[in-house]
Amino acid sequence: MTTIAVPASEPQIAELHGDPGGAEALAAGLYKAATPFEAFGERASDGRLISGWKGYAYEAYRDAAGSAGPEHEAMHQSVRRVARAVTYYADTLQTLKRDRDDLRDRKQRLDADRTGLLADIEAAEDPSESAIADLQARARDLTARYRDLITDHDSWCRRVTDNEDQLRQSFASAKGLKGALSATGGATQDATDAMNRPGAPGSGSTPEEVKAWWDGLSAEERAAVTAAYPETIGSADGLPASARDDANRILLDDDLATLGDKEADGALTADEKKQLANARAARDGLQRAENYVDPTTGEKPGGTLWLYDPTAFDGDGRVAVAVGDMDTADDVAVFTPGIKSEMTDTDFYTDKMTNVYESARYNGDGSSVAAMFWLGYDAPSGPTDPATLTEGRAEDGGRRLSDALDGLRASRPDDPHLTAIGHSYGSTTTAYAASEDDFAADDVVLIGSPGAGPAENADELSVGSGHVYVGRDSRDGVAMLGDEGWVGKGPVGLGTDPSSEDFGATRFEAEDVDRSSLPNFGDAHGSYLDDDTESLYNIGKIVDGHGDDVEKAEQSYDPWYSGAVDPEWDRDPTANEPGRSDTGPDAT
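Okay, so the sequence shown: first residue is 584 according to my numbering, each after it adds one.
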């Protein structure tokens, strides 16, 4: 007797209780409730300093304010901590809702296949041995798929429970003034215990140690530390991009809610106005990344808020937004911009990252891609900023960029292909980062560069000359500032021109098809990542790991008997040269 073991239709997909929108509304209410505690604490502190007020009444007020001010600040932080926990709960609930929909859809497909298998078995009156073998194979495959669904459903149910427990503990740990004034400040015991373990971020641990610490936490502990210490988790090198994103979204929601309420009341200080503008720019850039649709698949690769600090650098801010999955992408690009770049430019640069992503996908080999705009250094504010003419900001930024890429590399269990791209002053910053022996990138791309900082030739960069690529538009006035050797350019450049023969990098074609007849500091300098350009096509090849396939350009040179010569000056640029694939859906 032949047996065909058809699996049972299971599991029954559990219901998900809770409304993400309602939780977000609760968080907004808590942020609003925390503000009066902060305001009272500040006013109490100010009152203690009123000049000319003396006597018993003042002494009584001073004593009361001395305790009331800190107590109200503690309550402000405690309520705010709970609000952040609710924000995390709401974000996780939204993810759980999407995942439940996926589980339900999988179950429906499995049940349809099971029904079809049962019907075919019923219809087979005298099946041959091969037909029986086929039915048995289908049954085994169906059994394995049901088993995987059961495992994933069990994991989902645990995540639901963990999310509920994390929020319950957050409320329980922040009961009244006693909890606020405790050593933990209202943080849950899970969170404080986890942050006291070896390797925790903020303790001087290396990215590798931070990664090992995170890997050793349970799902519930990860949720607890993310909700309780989002500032630390959101900027911790070595943590997965998804973990940093979760934490930074909490901080972003906090700023949008808290500062938005103060704006409505007309109570924002000048610094807070800049902070709110930065927060809104980060929100808009992140939304652009999340809404982007990969034209090769029709799917959304997603967005990541990898870095968020809207008060850094005197209000210019620090931010990094990625298009694509930074935790799993085969090819990862990190772009560093130049002068005048501030956090309010996030949406502009996020759009450029979609171009880089798209070029690598269209002109690559089908590998997955992530492209991140990184503004983690204090870029000079403009041509009149004295810092623009020196390399101090680039040197400091280079150290920060190197640390960021170390953390990114350490956060991954695999070995993605990593490309560091620097534009304008950001190219000098990137060159400083790449001059370190253990620089984590595989390839370096310098575009519109005023000079390569500490490197006099490409071999001085840790990736080696064979992995240093340079794009220079012949009309780009900024790229004419670098020293080209014999004559040089005087004190205005920031090192050797990386497009020159003396530097020895691979120069790729980067002419603007609509270029001017004269050098300029506008389109010629700002179009390297524009759609359907020579530069973007070649950068896409490099990001995809095929730098050998770029369209090479002749290097510039500086003969002793005349001024600098750029062989690209007389070449006719094209958006798509013969043999090239499209650089985008609108390429012609």
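A virtual CB, placed ideally from N, CA and C, is assigned to each residue, including glycine.
Please read these numbers as outputs of a predicted model, since none were measured by experiment.
Using only the alpha-carbon positions, how far apart do residue i and residue j sit?
{"i": "Lys-923", "j": "Thr-911", "result": "32 Å"}
{"i": "Val-1096", "j": "Asp-867", "result": "30 Å"}
{"i": "Asp-1131", "j": "Ile-1125", "result": "8 Å"}
{"i": "Leu-700", "j": "Pro-594", "result": "18 Å"}
{"i": "Ala-819", "j": "Asp-1021", "result": "19 Å"}
{"i": "Tyr-614", "j": "His-1108", "result": "43 Å"}
{"i": "Glu-708", "j": "Ala-720", "result": "18 Å"}
{"i": "Pro-920", "j": "Gly-885", "result": "22 Å"}
{"i": "Leu-764", "j": "Ala-611", "result": "Here Leu-764 scores only 44 on pLDDT, less than 50, and its place in the model should not be relied on; the value that follows carries that caveat. Whole-angstrom Cα-Cα distance: 23 Å."}
{"i": "Thr-586", "j": "Arg-723", "result": "12 Å"}
{"i": "Ala-1147", "j": "Ser-985", "result": "33 Å"}
{"i": "Ile-715", "j": "Thr-698", "result": "17 Å"}
{"i": "Phe-896", "j": "Leu-1044", "result": "28 Å"}
{"i": "Arg-982", "j": "Gly-1009", "result": "13 Å"}
{"i": "Val-665", "j": "Asp-1115", "result": "48 Å"}
{"i": "Gly-601", "j": "Ile-816", "result": "26 Å"}
{"i": "Tyr-875", "j": "Thr-937", "result": "7 Å"}
{"i": "Ile-596", "j": "Ala-802", "result": "21 Å"}
{"i": "Gly-1123", "j": "Lys-883", "result": "19 Å"}
{"i": "Ala-1038", "j": "Ser-1018", "result": "7 Å"}
{"i": "Arg-1098", "j": "Val-662", "result": "56 Å"}
{"i": "Lys-680", "j": "Asp-836", "result": "20 Å"}
{"i": "Pro-741", "j": "Lys-857", "result": "Note that residue 741 is Arg in the sequence shown, not Pro. If I take the Cα positions, the gap works out to 41 Å."}
{"i": "Ser-738", "j": "Arg-683", "result": "11 Å"}
{"i": "Gly-821", "j": "Val-589", "result": "46 Å"}
{"i": "Ser-1100", "j": "Ser-1145", "result": "21 Å"}
{"i": "Asp-828", "j": "Glu-1137", "result": "42 Å"}
{"i": "Ser-711", "j": "Ala-591", "result": "25 Å"}
{"i": "Ser-1139", "j": "Thr-1157", "result": "20 Å"}
{"i": "Asp-1153", "j": "Gly-1031", "result": "18 Å"}
{"i": "Pro-996", "j": "Asp-1149", "result": "44 Å"}
Taking Cβ to Cβ, would you say residue i is nearer than 8 Å to residue j?
{"i": "Tyr-812", "j": "Ala-840", "result": "no"}
{"i": "Glu-814", "j": "Leu-834", "result": "yes"}
{"i": "Phe-1104", "j": "Val-1061", "result": "yes"}
{"i": "Pro-603", "j": "Ala-673", "result": "yes"}
{"i": "Arg-944", "j": "Asp-877", "result": "yes"}
{"i": "Gly-1034", "j": "Asp-1066", "result": "yes"}
{"i": "Arg-832", "j": "Thr-933", "result": "no"}
{"i": "Gly-1087", "j": "Ala-1041", "result": "yes"}
{"i": "Glu-1151", "j": "Glu-1134", "result": "no"}
{"i": "Gly-1128", "j": "Asp-914", "result": "yes"}
{"i": "Ala-795", "j": "Gly-782", "result": "yes"}
{"i": "Lys-1012", "j": "Ala-987", "result": "The question names Lys, but residue 1012 in the sequence shown is Thr. No. Outside cutoff."}
{"i": "Asp-1056", "j": "Glu-1084", "result": "no"}
{"i": "Ile-704", "j": "Leu-718", "result": "yes"}
{"i": "Tyr-1223", "j": "Gly-1054", "result": "A query on residue 1223 cannot be resolved here, the shown segment of the chain reaching from 584 to 1171 and no further."}
{"i": "Ala-810", "j": "Ala-777", "result": "no"}
Quick check on the DSSP output: the beta strand (DSSP E) that includes residue i runs from which residue to which?
{"i": "Trp-889", "result": "886-892"}
{"i": "Trp-957", "result": "952-958"}
{"i": "Ala-916", "result": "914-919"}
{"i": "Gly-1054", "result": "1051-1054"}
At what residues does the alpha helix (DSSP H) containing residue i begin and finish?
{"i": "His-1108", "result": "1106-1109"}
{"i": "Phe-931", "result": "929-945"}
{"i": "Gly-843", "result": "824-847"}
{"i": "Asp-1026", "result": "It is not in any alpha helix (DSSP H) - Asp-1026 instead sits in the beta strand (DSSP E) that spans 1026-1030."}
{"i": "Leu-988", "result": "975-994"}
{"i": "Arg-901", "result": "Per DSSP, Arg-901 belongs to no alpha helix (DSSP H); it is in the beta strand (DSSP E), 901-906."}
{"i": "Thr-1089", "result": "Looking at the DSSP string, Thr-1089 is not in any alpha helix (DSSP H); the run it does join, the beta strand (DSSP E), is 1089-1091."}
{"i": "Leu-1001", "result": "Note, Leu-1001: premise wrong, no alpha helix (DSSP H); beta strand (DSSP E) at 1000-1006."}
{"i": "Val-808", "result": "802-811"}
{"i": "Gly-868", "result": "853-874"}
{"i": "Gln-1138", "result": "Here Gln-1138 belongs to no alpha helix (DSSP H), and DSSP marks it neither H nor E."}
{"i": "Asp-798", "result": "790-798"}
{"i": "Asp-776", "result": "772-778"}
{"i": "Tyr-1144", "result": "Looking at the DSSP string, Tyr-1144 is not in any alpha helix (DSSP H), and its letter there is neither H nor E."}
{"i": "Glu-1117", "result": "1117-1126"}
Could you tell me how far apart the beta carbons of residue i and residue j are, in whole angstroms, since I believe they sit closer than 8 Å?
{"i": "Ala-830", "j": "Met-909", "result": "Not really, about 14 Å apart at Cβ, beyond 8 Å."}
{"i": "Leu-599", "j": "Val-669", "result": "At roughly 17 Å, the Cβ-Cβ gap does not stay under 8 Å, so Leu-599 and Val-669 are not in contact."}
{"i": "Thr-929", "j": "Val-904", "result": "6 Å"}
{"i": "Glu-855", "j": "Leu-869", "result": "Not confirmed; about 21 Å, so no contact."}
{"i": "Gly-965", "j": "Thr-971", "result": "7 Å"}
Notebook entry, point to check: Counting Cβ pairs, one atom from each stretch, are 3 or more of them under 8 Å apart for the segment 727-739 and the segment 680-692?
Noted result: yes
Next item on the list: Taking 8 Å as the threshold, find out whether the segment 883-900 comes into contact with the segment 852-868 through three or more Cβ pairs.
Entry: yes
Notebook entry, point to check: Is there contact here, the segment 1024-1037 with the segment 993-1004, by at least three beta-carbon pairs under 8 Å?
Noted result: yes
Margin query: For the structure I just gave you, are there three or more beta carbon pairs, one from the segment 920-939 and one from the segment 957-974, closer than 8 Å?
Written below: A contact exists between the segment 920-939 and the segment 957-974.
Checklist line | Cβ contact (3+ pairs, closer than 8 Å) linking the segment 737-747 and the segment 675-687 | finding: yes
Notebook entry, point to check: Is the segment 889-897 touching the segment 930-945 in the sense that three or more CB pairs, one from each, lie closer than 8 Å?
Noted result: no
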